[in-house]
Amino acid sequence: MEDYSLQIQKFLIKSETQVQPDDKIKLIKEAIQLADIHNDVEWGFDLRKEIIENEKGTSRCIEGMPALSWLLEAYDQHSGIFEETEFMLEYKWMLMAACRNVNISAQQLEQIFEDYKTRLQRNGYSLH
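For the sequence shown, position 74 matches number 73 in numbering that gives the first Met the number 0, and the numbering has no gaps at all.
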């Protein structure tokens, strides 16, 4: 049987040949499934960042929110493996997407902003 890591890399290479962001995202999601089946947190982390990056090329944010939630939880559980600064740009982008999402309440937005603020300060970033 082919090594799952090699299969993930093949999904990524194939995703790079796709023109439409939705097609890229579909392939990355397949790679994420493989990483998750094998409990590979590092691949899961990188692939979810890819989902967020590719969703920037669309007019909506469907996969990015769950991907960011997963990143936050993965960091909180495995802070020795990841640096919080690795996903702060993705967090900022998702924060702006959350502000445009009518399904996210004002209270939820406030909680998201507070979490983002805490992470910024913890990593030495300015709030400006």
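In this text, a Cβ means the ideal position worked out from N, Cα and C, and glycines have one as well.
| Asked | Found |
| --- | --- |
| So which of Q17, E15, V101, Q8 has the shortest CA-CA distance to G43? | Q8 |
| Please report the residue range of the alpha helix (DSSP H) in which L94 lies. | 87-98 |
| Residue range of the alpha helix (DSSP H) that I111 falls in? | 105-121 |
| Taking the alpha helix (DSSP H) that V40 belongs to, which residues open and close that run? | 40-54 |
| Kindly say whether A34, judged by its beta-carbon, lies nearer than 7 Å to any beta-carbon of chain D. | In summary, chain D is missing from the structure at hand, where a single protein chain is found. |
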